[in-house]
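Working notes, beginning with the structure itself.
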Amino acid sequence: MSSEPGPAGAGLDPHRIAEIIVEGRGGRRRGSGYLIGDGTVLTAAHVVADAIDLAVRCDADRPTQWSAQATVAWSNAGVDLAVLTVAAPAAQQWAPVAFGRITDDEAVVVDVHTAGFPLFKRRSRNGVPFRELHHAVGTVAALSNLRTGTLELTVAPAGSDPDPAASPWSGMSGAAVWAGHRIIGVVAEHHRWEGAGRLTAVRLDHALREVDTDERTRLTRLLGTPGTGPLPLAVPGAPDPAQAPGTRVVGVPVSYGIELFKNRTAERDTVIGHLSDPTIRMVTILGRRGIGKSALAAKVMDLLHRGEWPMGAEGRAPVGLVNLSTRTSGISLERLYFDCARLLDTDGEEHLRRVWSAGGSTQHRLAELLQALGERPVVILMDNVEDLLLEDGGIADPDLAVLLDWLFRAGSGPRLLVTSQIPVRLAPELRRFAAQVTLSKGLSPPEAATLLRELDRDGSLGISDLSDRELLDAAVHVHGVPRALELLVGALADDAVLLPSLHDVLQDFTRRQDVVAALAQDRYDQLDEQARTVLDVLAVLRRPVGQHAVEEIVHVLDPRLPVPAVLGLLVRARLVAADRATRTLALHPLDADIARDQMPWDGPLGRQTMERRIADWYGDQTTPDGTWRTPDDLEPHRRQFDHLVRAGDHDAAARVLTGISNWLVWHGSVLTALSMHLTVEPHITDERVRLAHTVAFGHARLSAGPMEQAVTLFTTAAALAERLGERAALQNALFGLGDAHRQRGDLPATVETLTRAAELAHDLGDTENEVHAWLSVSLTHSYLRDGEQALDIADRLAALAGTTRDPLTFARAGNARTIALLTLGRWTETISTGADTVRAYRAAGSQEAIAYALNAQGIAHLALDEPARAISALEEARREASQMQNPRAEGVCLLNLAWAYWCDERMDDCAATAQRALTALEIAGATQAAAAQSLAEAARTVSASPPAAAGALRRAATALDGNAEVVSAAWLQTRARGLEA
3 MSSEPGPAGA GLDPHRIAEI IVEGRGGRRR GSGYLIGDGT VLTAAHVVAD AIDLAVRCDA
63 DRPTQWSAQA TVAWSNAGVD LAVLTVAAPA AQQWAPVAFG RITDDEAVVV DVHTAGFPLF
123 KRRSRNGVPF RELHHAVGTV AALSNLRTGT LELTVAPAGS DPDPAASPWS GMSGAAVWAG
183 HRIIGVVAEH HRWEGAGRLT AVRLDHALRE VDTDERTRLT RLLGTPGTGP LPLAVPGAPD
243 PAQAPGTRVV GVPVSYGIEL FKNRTAERDT VIGHLSDPTI RMVTILGRRG IGKSALAAKV
303 MDLLHRGEWP MGAEGRAPVG LVNLSTRTSG ISLERLYFDC ARLLDTDGEE HLRRVWSAGG
363 STQHRLAELL QALGERPVVI LMDNVEDLLL EDGGIADPDL AVLLDWLFRA GSGPRLLVTS
423 QIPVRLAPEL RRFAAQVTLS KGLSPPEAAT LLRELDRDGS LGISDLSDRE LLDAAVHVHG
483 VPRALELLVG ALADDAVLLP SLHDVLQDFT RRQDVVAALA QDRYDQLDEQ ARTVLDVLAV
543 LRRPVGQHAV EEIVHVLDPR LPVPAVLGLL VRARLVAADR ATRTLALHPL DADIARDQMP
603 WDGPLGRQTM ERRIADWYGD QTTPDGTWRT PDDLEPHRRQ FDHLVRAGDH DAAARVLTGI
663 SNWLVWHGSV LTALSMHLTV EPHITDERVR LAHTVAFGHA RLSAGPMEQA VTLFTTAAAL
723 AERLGERAAL QNALFGLGDA HRQRGDLPAT VETLTRAAEL AHDLGDTENE VHAWLSVSLT
783 HSYLRDGEQA LDIADRLAAL AGTTRDPLTF ARAGNARTIA LLTLGRWTET ISTGADTVRA
843 YRAAGSQEAI AYALNAQGIA HLALDEPARA ISALEEARRE ASQMQNPRAE GVCLLNLAWA
903 YWCDERMDDC AATAQRALTA LEIAGATQAA AAQSLAEAAR TVSASPPAAA GALRRAATAL
963 DGNAEVVSAA WLQTRARGLE A
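The number in this note's numbering is simply the position in the sequence shown, starting from 1, with 2 added.
Laid out in structure tokens, this is it:
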């Protein structure tokens, strides 16, 4: 055990357990305490009461022993607490410990422990008496001793009672009581009548409440705790406060191999050094299969989690760690975005979810993520990245390409830690921001020999009995590769009949070129059918899962197979890794690859059968639409889809996709939906499946583009629906086609197609889709400047609302009427109808078009030369658009608001608001962005150079497209002429 002091709050440290030696009026006595910081010891007040001379000793009879005189810095007999100051060795720096409390309003039992020097541990050496250290482990029942406000510790009874005149626990007083990594109290009393296994301790939280303000201030200063507010709850098993302050970990740690990690201190320190360098954005750990890349990366993340960071490093220690792997949760832009969002508080995470759901460009989403993370240093681990690379190291995955581009361009932000068998090929200008650490060799022979001994801790395999020379020879034969060493031990553990020696196992494999693959292949070949079935299921699953999942999947394949027993054998043979923290089982990637390669395709235990069974299992885990909130809620559907694709069941996969595609599109994961559609599209054979798939694919293209492909998909779907007589699908396809025509700017085709969709919805009795279609037709007529026709259809919607009495239909009718009146220039009616529409939408509980109705009122007020009222309406419109996370609507409202400021002669506000409009409109890809830019320029130059401002206004007017929902270009031209006069 190292004598170096641990980090802050790292839990009970044996080097800090203090023996308190007191000379009092009644003679010498002993107590216990704990060094809670540099030169500060916590103990019980009665231990040091009336002390004439006081000493503290730590690490007695050990090389690091020290003792020093102490003084009482604070003491209160009423709460029986004391703090001593002592001159601890200057060579050691003791970080402050963490304090906490347990609940006192719940019937819970809390695990605790304490360490001190009780009387029953009195010993003698060479005639000299001394007290041996006792580490007592027990529990506290939270509701016991509530009346006295103390802790009742239940521990193993004292082993003896050597002195009838004194408690066997005498001398234990003052020992710190720990719950998890926090001190919650101090041992104070032993009441004999309660038995030899009960101790009473002072509660720190109660003591802080009971002393007066001045004493509390002095005590908290000595303890290093906040002067106000309750102590944090101490929860055994909770994250160690020693970890970097605020450190949060997201994602399943790449835990496989951490237990195999041996030394590699140079490589470990190099990786951490690169991560602490603010000029390095990405660190790649390279090496062949089984060499220990994931183990090294996992160890680095574990050390970062515990607060290890180079002294004097320029960069701040990370406060967030994200674990991603192609072999577990997968690596994608979506996964990284949401996992990073989970590093934030609830409000920050919810904001980023809204940003994602609102759509927008990938660059906008990443910019919002970077802004939300702020100055928080974050390290993202991406394991097994070679799965996303081409043979030459080029980036095959477009998501990864976008991510790396963003990461390298960001002035600050996350650091990336990558493991790969292949170097990532980066553009020349980016290489100076990247570093590589290559694992070309296995463990050194002494490290490998040590690992072999640890893998046979109980000596049952005979490895621990071998000489160092024999172990070193074995390590050299397998080149020190950690996975090879584990497979060697697994081979010995698995053969209980022939009992081969380590030499026997080595003889065959070291003649082959790839010793790791050879060992793994042989281990697979030696399995019986039951073990191979379980191993194959884990290989096909491709991710860590709980035992229950394996049992349920295998039960269908072979109901008689004893899964728990077989898994136990596989774990002992080190073919399956068990993670106790997450209660999951997994295969090493090398073993999984070999298993999948060896599986037959057909048959009751073939690859296709297993893929289908696992797909069925994931299907059983799915939840219905209406319960989905985040993309994670669709994880079972997406895994079901993947396994069906691997089984060659593309029609079934397309059915799964059709059920979730629209949700993915509407909630910002359109690229995920497109990728899935492209995967199955060429392989669908059933025409009705193809119809549903093509409509859903069209809606994804409608969101992501290109719009020409959306038109083609909806046209194909409409023709297929007519041929199959699927009228509901035809209506859906026509509505999508009309929307695609609108976005392409082909407004006449939009009116024709959407009118047909509305009429078909009416024939089908589908009122909701009929209303939606007629609303779109009315708005399109408004965009065509045909206000009268738009108003007629708005009246038709009002009639439908009167029939259905549906609040949302009333609101939509008002929306159509407001925009039609705006188009016709009927300004007063626009204002009153817009106000009615806002009230109707709010009554319906929908924000759908509130921003547009308010925006229309603002434009009408501008037309009536009422800039102050326009500003009020447009400010509210902008807020509504922002809440909807709609960048186009927000940009339009900002552009109109900027013009309102111009009309109110508030040029600074105009310039700033127009600049904000430019940002939002660029994010949305809207045509009015150039108008916002020119308007900002005009506002900035108008006082210094009116002619220059006039030119900018004319450019802004030219950039406007005549949309009735944006200020009129003629208004800008009029103002420009005024500046030129």
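No residue lacks a Cβ here, since even glycine has one placed at the ideal position from N, Cα and C.
**Request:** Counting only runs of 4+ residues fully inside the stretch 846–933, write out the alpha helix (DSSP H) ranges in chain order.
**Result:** 852–865, 869–885, 889–905, 909–926
**Message:** Rounding to the nearest angstrom, what Cα-Cα distance links Asp-271 and Thr-330 in this structure?
**Reply:** 27 angstroms
**Asked** How many Å lie between Ala-972 and Ala-723 at the Cα?
**Response** 46 angstroms
**Message:** Are the CB atoms of Leu-390 and Leu-409 within a distance shorter than 8 angstroms?
**Reply:** No. Outside cutoff.
**Request:** Determine the contact status of Ala-853 and Glu-831, defining contact as a CB-CB distance below 8 angstroms.
**Result:** no
**Asked** DSSP three-state call for Ser-169: helix, strand or coil?
**Response** Ser-169 falls in the coil class under three-state DSSP.
**Prompt:** From Asp-748, Glu-770, Leu-777, pick the residue whose C-alpha is nearest to that of Thr-757; which is it?
**Reply:** Relative to Thr-757, the option among Asp-748, Glu-770, Leu-777 whose CA is nearest is Leu-777.
**Request:** Inspect the CB distances between the stretch 214–221 and the stretch 285–302 and report whether three or more fall short of 8 angstroms.
**Result:** no
**Asked** To which residues does DSSP link Met-384 through a beta bridge?
**Response** According to DSSP, which records beta bridges pairwise, Met-384 is partnered with Leu-326, Val-420.
**Asked** Just how far apart, CA to CA, sit Gln-745 and Pro-546?
**Response** As the crow flies, the alpha-carbon of Gln-745 is around 44 angstroms from that of Pro-546.
**Request:** Measure the CB-CB distance between Gly-102 and Ala-360 and report whether it falls below 8 angstroms.
**Result:** no
**Prompt:** What span of residues does the beta strand (DSSP E) with Asn-78 cover, start to end?
**Reply:** 68–78
**C-beta contact flag for His-183 and Gly-13 at 8 angstroms** = In terms of Cβ geometry, His-183 and Gly-13 form a close pair [threshold 8 angstroms].
**Request:** Report all residues from its chain with a CB closer than 8 angstroms to the CB of Arg-690; omit the five preceding and five following residues, and keep chain order.
**Result:** Leu-726, Glu-728
**Message:** Assuming Arg-574 is part of the beta strand (DSSP E), what are its boundary residues?
**Reply:** Premise fails: Arg-574 lies in the alpha helix (DSSP H), 565–574, not in any beta strand (DSSP E).
**Request:** For Pro-234, name the three-state secondary structure that DSSP assigns.
**Result:** Reduced to three states, the DSSP call for Pro-234 is coil.
**Request:** Report, in whole angstroms, the separation of the C-beta atoms of Ile-23 and Val-99, which I expect to be a contact under 8 angstroms.
**Result:** The Cβ separation is near 22 angstroms, so there is no contact.
**Message:** Let's test the definition: count the other Cβ atoms within 10 Å of the Cβ of Arg-27 and tell me whether it reaches 16, buried, or not, exposed.
**Reply:** exposed
**Short CB-CB distance (under 8 angstroms) between Ser-970 and chain C** = Absent here is chain C; the protein component of the structure consists of one chain.
**Request:** Report yes or no: do three or more beta-carbon pairs, one from the stretch 759–772 and one from the stretch 731–747, lie closer than 8 angstroms?
**Result:** yes
**Asked** Could you give the residue range of the beta strand (DSSP E) that holds Ala-190?
**Response** 184–191
**Message:** Given this structure, state the Cα-to-Cα distance separating Leu-392 from Cys-895, to the nearest angstrom.
**Reply:** 46 angstroms
**Prompt:** In chain order, what residues of the same chain lie with their CB nearer than 8 angstroms to the CB of Leu-537, ignoring the 5 residues before and after it?
**Reply:** Tyr-526, Leu-529, Leu-572, Leu-577, Val-578, Leu-589, Asp-593, Ala-597
**Item:** Separation of Phe-340 from Arg-200, as counted between CA atoms
**Value:** 49 angstroms
**Request:** Just the C-alpha distance for Ala-178 and Ser-296, rounded to the nearest angstrom, thanks.
**Result:** 39 angstroms
**Item:** Beta-carbon separation (whole angstroms), Val-273 vs Ile-287, contact threshold 8 angstroms
**Value:** Val-273 to Ile-287, Cβ: 7 angstroms. Contact.
**Prompt:** Just the Cα atoms here: how many angstroms apart are Asp-635 and Thr-629?
**Reply:** 8 angstroms
**Asked** In whole angstroms, what is the alpha-carbon distance linking Arg-908 and Ala-900?
**Response** 9 angstroms
**Beta-ladder partner(s) of Val-58, from DSSP** = Ile-22, Ala-70
**Message:** As a quick exercise: from Ala-875, Asp-906, Ala-954, His-695, pick the residue whose alpha carbon is nearest that of Ala-934.
**Reply:** Ala-954
**Asked** Which residues in the same chain have their Cβ closer than 6 angstroms to the Cβ of Trp-76, if we skip the five residues on either side of it in sequence?
**Response** Val-85, Arg-220, Leu-221, Leu-224
**Item:** Residue interval of the beta strand (DSSP E) (run including Val-667)
**Value:** Looking at the DSSP string, Val-667 is not in any beta strand (DSSP E); the run it does join, the alpha helix (DSSP H), is 652–668.
**Message:** Let me check one thing: in DSSP terms, what residues is Val-103 bridge-paired to?
**Reply:** It is worth fixing the name first, because residue 103 is Arg in this sequence and not Val. Beta-bridge pairing links Arg-103 to Leu-235.
**Message:** Along the chain, where does the beta strand (DSSP E) containing Ala-181 start, and where does it finish?
**Reply:** 178–181
**Asked** For Gln-930, is the classification buried or exposed, using 16 other Cβ atoms within 10 angstroms of its Cβ as the cut-off for buried?
**Response** So Gln-930 counts as buried.
**Prompt:** Can you tell which of Arg-127, Val-254, Asp-765, Glu-683 has its C-alpha closest to the C-alpha of Ile-385?
**Reply:** The question names Ile, but residue 385 in the sequence shown is Asp. Checking every option, the nearest Cα to that of Asp-385 belongs to Val-254.
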